[in-house]
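First the structure, in the form of structure tokens, and then the observations on it.
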Amino acid sequence: MTTAEATDADRPTRILPRGPGVVWFGASGFVNAFGTGFFYPFALLFFAELSGLSLSTVGVVLTITALAALPGLPVVGLLIDKFGPRQVLIVAALLRAGCFVGFVSMRGIVPLALFNIAFAVGNRAEQAAVLPLAVDLAGKGQSGRWLALSRVVFNAGIGAGALVAGLLVMDSPSGFAVLGVANAVSFVLTALLYLQLSVRVPPTRTTASKAVGAVRSRPWCNTSFLHVAGANAVLRTSILVVETALPVFVLHELVLPTWTVSVLFIVNTTLLTLLQLPVSRFLERFRPGPVLAVGGCAFVALYVTVVMIGSAPRAVGLGVLLVAMTVYTLGEMAVSQAGLVMLTSLPPQPELGSYMAFNQLFVGVGAALAPLLAATLLDSWPTLLWWALTAMSVLAALLVLCLPRRVTWESG
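Quick note: the sequence shown uses the working numbering, first residue 554, plus one each step.
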């Protein structure tokens, strides 16, 4: 055992991940998320202004293109397994940079659709490849902390990008053009940061890449992985629905002040950024299946609260809502960590990229359907939305609790 390994082993409570490349990995993840956060709040307006199309048309195009990109994900998975996640991440970042140049340069529905399909493929490829990269970079017993770091820098980057965009972006064609160019630059910088990483490719993956013909990934035949991917997708969809629906429900149904929404999401983002690593470290002592189930059920605290506080005095309702958001956020941390550990532990390591790309099919469908679910129920049965989300939490818990006890995890 080397001196560095001995030191790390003697300090079991260490929270931050260690190892070569941790700074470059964190920086690349932050810059990538910063560009996404900078763009995300203004996405509909950005596309409508620069394409010359109506908001409703843009919404339909975005949904269709997000789904159209999904069939290409198995190929992305094979590329990750053959060439390594770092190379795929670099190409995905450059692809998205090119898409933003296209968004700014061309108008009309056809360029919008084509570039959005490419952009969606780049986004899904990035999300599929970043987990195998974290696993490859992590030392023995460190993968859980590297996976947690990937979520910390993602949440911090999204929050920082959205804050800066809110202060700097002007609601005009020229302002949105600057936004597009800034995003292209951010993704080029992300690619350059990934280039600095020196990845220790596991021997099993090296062997597999030399005999790709022998690798035939069939994640759809792995029942345990399907259970975990399904539960993870259901809970991820729930999170997206909350992000979309909670502001509308708080303002229109609960009739709370507009600043309430900002406070709720500031609490959520701050806790996710500051506590994800220590909470993940604490949760390593428990089996990830029950952790994911309990974390998903913690979401119900928020769902029940928004239904029940309608008749409460405003000050009381706001206080209870803040407590419920805190519980929800702790559940989100547990779901994130346990889900990542299980998703990366179940696949055969030579086929990890293919499994992560297959998982993105579940996540992509959920992401495409989340706005539709939120809009439909908010428009007709707003209270029913929260009971539907409660049922989704129970379903996710059942999926992971039904896993065979013989399944083991590499959670360190």
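Beta carbons are placed, not taken as given, at the ideal position from N, Cα and C, and that holds for glycine.
Assignment of beta strand (DSSP E) within the region 880-929, counting only whole runs of 3 or more residues, yields no such run. Note that the C-beta distance between V584 and L720 is not below 7 Å.
Contact between V683 and L642 is confirmed by a C-beta separation of about 7 Å, below the 8 Å threshold. CA-to-CA, the gap between T882 and L825 works out to about 7 Å. In this structure, the beta-carbon distance from A673 to A622 falls below 7 Å.
The Cβ neighbour count for C774, taken over all protein chains shown within 10 Å, is under 16; the residue is labelled exposed. The distance from the Cβ of Q902 to that of R704 is about 21 Å, inconsistent with a contact at the 8 Å cut-off. The alpha-carbon of G612 is positioned some 30 Å away from that of V781.
CA-to-CA, the gap between P957 and R838 works out to about 19 Å. Judged by beta-carbon spacing, A854 lies within the 7 Å limit of A877, meaning their Cβ atoms are closer than that value.
In this structure, the beta-carbon distance from V880 to P841 does not fall below 7 Å. With a contact defined as Cβ atoms closer than 8 Å, F578 and L700 miss out at about 11 Å.
Every alpha helix (DSSP H) stretch that sits fully inside the region 593-662 and reaches 4 residues is listed by chain position as 596-604, 608-621, 626-636, 638-658.
Per the C-alpha coordinates, the member of L827, S727, W939, A691 positioned closest to F802 is W939.
Between L809 and L871, the beta carbon gap of about 7 Å places them in contact (Cβ cut-off 8 Å). In the pairwise beta carbon analysis, the region 788-798 is classified as touching the region 923-931: at least three pairs are separated by under 8 Å. Setting aside the 5 residues that flank it on each side, N669 is surrounded in the same chain by T618, each with a C-beta closer than 6 Å to its C-beta; the list follows chain order. Within 10 angstroms of the beta-carbon of F636 lie fewer than 16 other beta-carbons, which makes it exposed. Taken in chain order, no unbroken stretch of beta strand (DSSP E) lies wholly in the region 837-870 with a span of 3 residues or more. If only complete runs of 4 or more residues are kept, the region 767-814 shows the alpha helix (DSSP H) at 776-801, in order along the chain. Taking a contact as a CB-CB distance under 8 Å, the pair A910 and A681 counts as one, their CB atoms being some 4 Å apart. Taking L942 as reference, the option from L779, V847, T790 with the minimal CA-CA separation is T790.
DSSP places P573 outside any alpha helix (DSSP H), giving it a letter other than H or E. Apart from the 5 residues on each side of it in sequence, A786 sits with its Cβ closer than 6 Å to the Cβ of F915, V916, G919 in its chain, given in chain order. By the neighbour-count definition (other C-beta atoms within 10 Å, threshold 16), P900 is a buried residue. Looking at T616, F592, L702, G714, the one whose alpha-carbon comes closest to that of V832 is L702. G605 places its beta carbon less than 7 Å from that of R660. In this structure, the alpha-carbon of V657 lies about 43 Å from that of C850. Counting only runs that start and end inside the region 666-737, the alpha helix (DSSP H) elements of at least 4 residues fall at 696-721. Around the beta carbon of P726, a 10 Å sphere encloses fewer than 16 other beta carbons of the protein chains shown; the residue is thus reported as exposed. If you check the CB distance, G675 and A709 do not come in under 7 Å. Within the same chain, F668, A671, F672 come within 6 Å of C652 by CB-CB distance, once the 5 residues on both sides are set aside. When secondary structure is reduced to three states using DSSP, L750 falls in the coil class, being assigned neither helix nor strand.
The three-state reading of DSSP puts W934 in coil, since its state is none of H, G, I, E or B. In the three-state reduction of the DSSP assignment, P957 falls in the coil class.
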